[in-house]
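Chemist: Residue numbering for the sequence shown follows our numbering, starting at 1384 and increasing by one per position.
We put the CB at the ideal spot given by N, CA and C, even for glycine.
Before anything else, here's the structure in question.
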Amino acid sequence: MRRTQSFMRDPMSWMLDGYERFGPVYTLRIFHHNVVMMLGPEANHHILVSHAHNFSWRDGHLRDLAALMGDGLLTTDGPYHRAHRKMMLPAFHRERIRAATAVIENEVARAMGAFEPGAVIDLYDWARNISLRVAMRALFGLDPDRVDTRGMDAADEFERALSFHAQNIYGQLARGPGTPYSRLLKSRARLDALLYEEIDRRRDDGGGKEDLLSLLVQATDEDGEPLPTEQIRDEVMTLMFAAHDTTTSTISFLFLELARNPELAEDPGITVDMLLEETLRMYPPAYVGPRLSREPFEFAGIPVPGRAHIHYSSYASHHLPDVWPEPERFDPYRFTPEGKAAMRKGQYVPFGGGSRTCIGMRFGEAEIRVIARAILERCRLDTLPGHRLVMRTAPTLSPRGGLPMVVRRAAPAAVLSATL
């Protein structure tokens, strides 16, 4: 059990140490069963693309997320997943993202009042709030300021539900009154009441809005029947989680690295997109991808049995020195057009790959660009003296305890006008 506790505290170091000692395939004993680690570009491509059919996503330790999210894109496999992904793709086409940009810009402008020179803000908390509001408004047409007759603020309730997944393993295992799990169930019940009410309202008015929720309400299955209300609810909850957690952590780490490397913001050879991509290399939010093998297979000359727990890791793969020179150095120049063209298959996988590529990837990138540009147009951010980054690894990679930063007045950054 001590090994499991140590792994849960710092899984990244465990994975990288294992790669250095044993190579791209090795086994760890965690939670009383074996987990096969498959690390590196070739392993990523094998699991995500070339042999994806042999790996179950739902059975690879992701059942825990179903307590809040149900059977959404994140926790399902096979034909069900493919059908729902195809159904939802139109909501993430470029024209829909362009239409949502105005909502994102309005929410960002509303929140920029906190960035006064000399102010100390918790950037992680600020970004978490704004990204949840954007997800609620832009994706689902929900009002994050709405308080229902039971005095429940929708955004705060979702945050309370998510807090369960930030507990340590013992906190997540506890059951009974007063436990984090019981609080999760109470928050889920209140959120469900709000969502079901909104779904019924959309059905009554025939959809009514051009957002993902209306698209799901109007969608039909293979038999021409409307989607069950529970399925719509599960997809909404899943995308709310994915959209806002990814944006929050990426914004936080991007500005942490700019505080550590302030010269980069003034480098005309660097673009906002290069900063974003290097941030996602160093700090991929979904840093590990659990799977269960369906049939026995061989990789790198090593036989792996069927029904084996498999982990690939974007974080470990992005920090291998034989793949990325000086992997711990924040270097946006890795992502010039020439640098990206030279990358191997599976080398850069912050959003997964193949049929499991994050459906909201383009939306998330667009949101991060708007937020980053708004901050860089107005100011620079410095870490507090003595600040030390401590990672939290659940439910996604993020700074434990938030990210307090000091606002400094500055002219618009050079990266805002850079183009490649």
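DSSP puts H1416 in a beta bridge; with which residues?
Modeler: In DSSP, H1416 forms a bridge with I1413.
Chemist: In chain order, what residues of the same chain lie with their CB nearer than 7 Å to the CB of P1609, ignoring the 5 residues before and after it?
Modeler: Here the set comprises T1603.
Chemist: So the candidates are G1589, A1669, F1682, T1654; which of them puts its Cα closest to the Cα of E1425?
Modeler: Of the listed residues, the one whose Cα sits closest to E1425 is F1682.
Chemist: Alpha carbon to alpha carbon, how far is H1627 from Y1695?
Modeler: Roughly 23 Å separates the two Cα atoms.
Chemist: State buried or exposed for R1465, treating a residue as buried only when at least 16 other CB atoms are found within 10 Å of its CB.
Modeler: Exposed, by the Cβ-count rule.
Chemist: Quick check: G1524 and D1588, are their CB atoms within less than 7 Å of each other?
Modeler: Not a contact, by the Cβ cut-off of 7 Å.
Chemist: Determine, using beta carbons only, whether E1760 comes closer than 7 Å to chain C.
Modeler: Looking for chain C here will not work: only one protein chain is present.
Chemist: Taking the beta carbon of G1534 as the centre, do at least 16 other beta carbons fall within 10 Å, making it buried, or is it exposed?
Modeler: With a pLDDT of only 39 at G1534, under the threshold of 50, the placement of this residue in the model should not be trusted; the figure read from the coordinates follows. Per the 10 Å Cβ criterion, exposed.
Chemist: Got a sec, what are the start and stop residues for the beta strand (DSSP E) G1672 sits in?
Modeler: Segment 1672 to 1676, the beta strand (DSSP E) holding G1672.
Chemist: CA-CA distance, E1488 and V1753?
Modeler: For E1488 and V1753, the distance between alpha carbons rounds to 7 Å.
Chemist: Keeping to the same chain, check which residues put their C-beta closer than 6 Å to that of R1727; ignore five residues upstream and five downstream.
Modeler: Same-chain partners within the cutoff: P1424.
Chemist: Could you tell me which whole beta strand (DSSP E) segments of length 3 or greater appear in the stretch 1646 to 1715?
Modeler: Listed in chain order, they are 1672 to 1676, 1680 to 1682, 1685 to 1687, 1692 to 1695.
Chemist: Please report the Cβ distance between L1522 and G1737, rounded to the nearest whole angstrom; I am assuming they are in contact, meaning their Cβ atoms lie under 8 Å.
Modeler: Not really, about 23 Å apart at Cβ, beyond 8 Å.
Chemist: Going by DSSP, which residues form a beta bridge with S1570?
Modeler: According to DSSP, which records beta bridges pairwise, S1570 is partnered with nothing at all.
Chemist: Looking only at C-alpha atoms, which of S1514, S1800, V1600, T1459 sits nearest to S1635?
Modeler: The shortest Cα separation from S1635 among S1514, S1800, V1600, T1459 belongs to S1514.
Chemist: Once you ignore the five residues that flank P1787 on each side, which residues in its own chain have a CB closer than 8 Å to its CB?
Modeler: So the qualifying residues of the chain are V1503, I1504, D1505, L1506, T1766, L1767, H1770.
Chemist: Less than 6 Å between C-beta atoms, sequence neighbours within five positions excluded: which residues of the same chain meet that for P1667?
Modeler: The answer, listed in chain order, is S1697, Y1698, P1733.
Chemist: Starting from P1787, trace the beta strand (DSSP E) in both directions and tell me its first and last residue.
Modeler: It spans 1787 to 1792 - the beta strand (DSSP E) in which P1787 sits, taken as one unbroken run.
Chemist: Under the rule that 16 or more other beta-carbon atoms within 10 Å means buried, what is I1582, buried or exposed?
Modeler: With 16 or more Cβ atoms within 10 Å of its Cβ, I1582 is classed as buried.
Chemist: Can you say whether Y1819 is buried or exposed, counting buried as having 16 or more other CB atoms within 10 angstroms of its CB?
Modeler: Residue 1819 is absent from the model: the chain starts at 1384 and stops at 1803.
Chemist: Starting from V1732 and walking both ways along the beta strand (DSSP E), at which residues does that stretch end?
Modeler: No beta strand (DSSP E) contains V1732, which DSSP labels as neither H nor E.
Chemist: Which residues share a DSSP beta bridge with D1505?
Modeler: According to DSSP, D1505 bridges with P1787.
Chemist: Is the CB-CB distance between T1662 and L1637 below 7 Å?
Modeler: The answer is yes: Cβ separation under 7 Å.
Chemist: Among V1655, D1714, R1783, which has the Cα closest to the Cα of N1644?
Modeler: The shortest Cα separation from N1644 among V1655, D1714, R1783 belongs to D1714.
Chemist: Taking a contact to mean a Cβ-Cβ separation below 7 Å, would you say D1454 touches G1785 in this structure?
Modeler: No. Outside cutoff.
Chemist: Could you give the DSSP three-state label for M1381: helix, strand or coil?
Modeler: The shown model of the chain, from 1384 to 1803, leaves out residue 1381, and the question about it has no answer.
Chemist: Can you check whether the CB of T1776 is closer than 7 Å to the CB of P1394?
Modeler: Yes, they are a contact pair.
Chemist: Helix, strand or coil for P1609 per DSSP?
Modeler: P1609 falls in the strand class under three-state DSSP.
Chemist: Buried or exposed for L1472, please, with buried defined as at least 16 other CB atoms from any protein chain shown within 10 angstroms of its CB.
Modeler: By the neighbour-count rule (16 or more Cβ atoms within 10 Å), L1472 is not buried but exposed.
Chemist: Should the stretch 1702 to 1721 be regarded as contacting the stretch 1433 to 1441, the criterion being three or more beta carbon pairs within less than 8 Å?
Modeler: With the cut-off at 8 Å, the stretch 1702 to 1721 and the stretch 1433 to 1441 do not touch.
Chemist: Taking only the alpha-carbon atoms, compute the straight-line gap between R1477 and I1751 and give it to the nearest angstrom.
Modeler: Their Cα atoms are separated by approximately 15 Å.
Chemist: Quick one: is G1652 buried, meaning 16 or more other Cβ sit within 10 Å of its Cβ, or exposed?
Modeler: Result: exposed.
Chemist: Assuming the contact rule is C-beta atoms closer than 8 Å, I1693 and M1519 should be a hit. Round their C-beta distance to whole Å, please.
Modeler: With 8 Å as the limit, I1693 and M1519 do not qualify as a contact, their Cβ atoms being about 35 Å apart.
Chemist: Here's a check: name, in chain order, each residue in its chain whose Cβ is nearer than 6 Å to the Cβ of E1649, leaving out the five neighbours to either side.
Modeler: Around E1649: A1797.
Chemist: Here's the rule: buried if 16 or more other CB atoms are within 10 angstroms of the residue's CB, otherwise exposed. What is R1616?
Modeler: Buried, since its Cβ has 16 or more Cβ neighbours within 10 Å.
Chemist: Would a C-beta distance cut-off of 7 Å place T1630 and G1559 closer than the cut-off?
Modeler: No, they are not a contact pair.
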